[in-house]
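These notes are about the structure you will find just below.
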Amino acid sequence: MVSRAERGPISDWFWTIDRYLLAIFVILIGTGFMLSFAASPGVAERLDIDNLHFIKRHALFIFPALAVMIGLSFLSPRQVRRGALLLLALSIAMMVFTQFYGFEAKGSRRWFSIAGFSVQPSEFLKPAFIVICAWLFSEHSRQPDIPGNLFAIILFGIVVALLVAQPDLGQTILVAIAWGTLFFMAGMPWFWIILLAGAAVGLFVSAYFVFPHVAGRIDRFLTGEGDTHQVDTAREAIVRGDWFGQGPGEGTIKRILPDSHTDFIFSVAAEEFGIIFCLMLVLVFAFIVLRGLSHASRESDEFTRLAIAGLTLLIGLQSMIHIGVNLELLPAKGMTLPLISYGGSSMLAISITAGFLLALTRHNPEKRATGRQDAYHDPTLSPGQV
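Each step along the sequence shown adds one to the number in full-length UniProt numbering, with nothing skipped, and position 365 is 365.
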């Protein structure tokens, strides 16, 4: 245990960090590793590779993810902005690179390979984009002469264009909702909100007619006709799990469920551990959202308030989309469950999101440190008062 009397980066971090959020993120990482034993072997067997292949690769990213999350949580808000700007520039460059030198899978060009690992740049783009847009909105609010809103709109257009080029409509929707919420929270005039909302609706309607796979997924969702094997199997796994599940390793439907270790890991959790376990997962993500928004509502600094809200929404919306698809409440869309699904890019990117969130929700670490230093050098205070 770190004493409150100690002074230094570690003690300051320990007493200012939101330990509930930190514990929840660590628990989710551990839960993801546990569920990889249930969801991954069946996929490996179908691919005729080592049954432990995906489990080993999942384990490989756990310690880097924890290191990234905890390391970033030490940052000050200014350092978060600088880190996000660097990450944003790097992510945009990697997304452009992917369009020319990446490999195609399932009709999309979203990944490139490095040292035997697949990298999905769009995952890293999301937290950086949200933080920088929060900064741009806050700068315009602080100094109206600065065209922060215009820059945020231009940046949004660039990010959407890169995502649609892949194409990745799911990530586009996720980013658009999070950005739109920040736009609204920043106090933009209703004229602009209605105009941009109308443009977003127009783009999504256009996507239905331009991208056949989008139209197919929406049609299957609305009519139930066509190839619905994946969502039907996911639903069957959930139903078979009942309230308390079949038990660890006892699931059978998961073995024929495509992408059970990524896009449909929630269904695997339901089959093996039951609906009660899945409800607990939902409550965990709800806690993250409520905790994050509670922090945002108490913040007086505009940048910190917007950034916390945006990062919280990223985690909440992504988990909601994943769970909604598994429950057939939303059209089928490949979306990982944060910190639980298999995927190195996803795990590291969510760890960055969590690290930024933990850093920004600390109890004013800069003010706290300054206050302690001023008190320590104040000659009018006794050592006991310091």
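Cβ atoms here follow ideal geometry from the backbone N, Cα and C, with glycine treated the same way.
Residue from the options with nearest C-alpha to residue i
{"i": "V26", "options": "S351, H295, L35", "result": "S351"}
{"i": "L174", "options": "Q79, G334, W13", "result": "G334"}
{"i": "G247", "options": "A23, R19, I17, M34", "result": "M34"}
{"i": "I92", "options": "G32, E225, L348, F156", "result": "F156"}
{"i": "E236", "options": "G170, G202, E272, Y208", "result": "E272"}
{"i": "F129", "options": "L313, L28, D18, C278", "result": "L313"}
{"i": "L358", "options": "L47, A105, F61, L66", "result": "L66"}
{"i": "N326", "options": "S113, F204, V239, V205", "result": "V239"}
{"i": "H229", "options": "D259, F63, R305, F204", "result": "D259"}
{"i": "T233", "options": "A349, D263, F151, G216", "result": "D263"}
{"i": "I62", "options": "L90, S346, H363, R362", "result": "S346"}
{"i": "E299", "options": "L72, G83, T361, V164", "result": "T361"}
{"i": "A354", "options": "L52, V80, K56, L47", "result": "V80"}
{"i": "D18", "options": "S73, L47, L60", "result": "S73"}
Test item: CB-CB of residue i and residue j under 8 Å
{"i": "I288", "j": "G316", "result": "yes"}
{"i": "N149", "j": "M94", "result": "no"}
{"i": "A39", "j": "I218", "result": "no"}
{"i": "W179", "j": "C133", "result": "yes"}
{"i": "V131", "j": "A307", "result": "yes"}
{"i": "F54", "j": "Y342", "result": "yes"}
{"i": "H58", "j": "S36", "result": "yes"}
{"i": "A207", "j": "V201", "result": "no"}
{"i": "residue 389", "j": "Q120", "result": "Since the first residue of the chain shown is 1 and the last is 386, residue 389 is not available in this structure."}
{"i": "F356", "j": "S138", "result": "no"}
{"i": "V284", "j": "L28", "result": "yes"}
{"i": "A186", "j": "S141", "result": "yes"}
{"i": "F103", "j": "L169", "result": "no"}
DSSP-derived helix/strand/coil call for residue i
{"i": "A332", "result": "coil"}
{"i": "I17", "result": "coil"}
{"i": "D12", "result": "helix"}
{"i": "W243", "result": "coil"}
{"i": "E123", "result": "helix"}
{"i": "S113", "result": "strand"}
{"i": "A105", "result": "strand"}
{"i": "S118", "result": "strand"}
{"i": "E272", "result": "helix"}
{"i": "H213", "result": "helix"}
{"i": "I146", "result": "coil"}
{"i": "M188", "result": "coil"}
{"i": "D232", "result": "helix"}
{"i": "T353", "result": "helix"}
{"i": "L86", "result": "helix"}
{"i": "P248", "result": "coil"}
{"i": "D219", "result": "helix"}
{"i": "N51", "result": "coil"}
{"i": "H58", "result": "helix"}
{"i": "H261", "result": "coil"}
{"i": "T361", "result": "coil"}
{"i": "Q318", "result": "helix"}
{"i": "F63", "result": "helix"}
{"i": "S206", "result": "helix"}
{"i": "P41", "result": "helix"}
{"i": "P167", "result": "coil"}
Span separating the alpha-carbon of residue i from that of residue j
{"i": "P365", "j": "P127", "result": "Unreliable placement is indicated for P365, whose pLDDT of 47 sits below 50; the coordinate value is still reported in the next sentence. Roughly 21 Å separates the two Cα atoms."}
{"i": "R291", "j": "L21", "result": "8 Å"}
{"i": "G344", "j": "L196", "result": "34 Å"}
{"i": "V96", "j": "P9", "result": "38 Å"}
{"i": "H261", "j": "V43", "result": "7 Å"}
{"i": "M320", "j": "I49", "result": "32 Å"}
{"i": "G241", "j": "L257", "result": "14 Å"}
{"i": "V160", "j": "T172", "result": "6 Å"}
{"i": "residue 455", "j": "D145", "result": "For the chain, the structure presents residues 1 to 386; residue 455 sits outside this window and is missing."}
{"i": "W15", "j": "A296", "result": "19 Å"}
{"i": "Q166", "j": "D12", "result": "43 Å"}
{"i": "G251", "j": "G245", "result": "8 Å"}
{"i": "L293", "j": "E45", "result": "42 Å"}
{"i": "H322", "j": "G216", "result": "19 Å"}
{"i": "D227", "j": "A332", "result": "11 Å"}
{"i": "D301", "j": "I158", "result": "27 Å"}
Residue-level contact to chain C via CB, residue i, 8 Å cutoff
{"i": "S345", "result": "This model lacks chain C altogether; it includes just one protein chain."}
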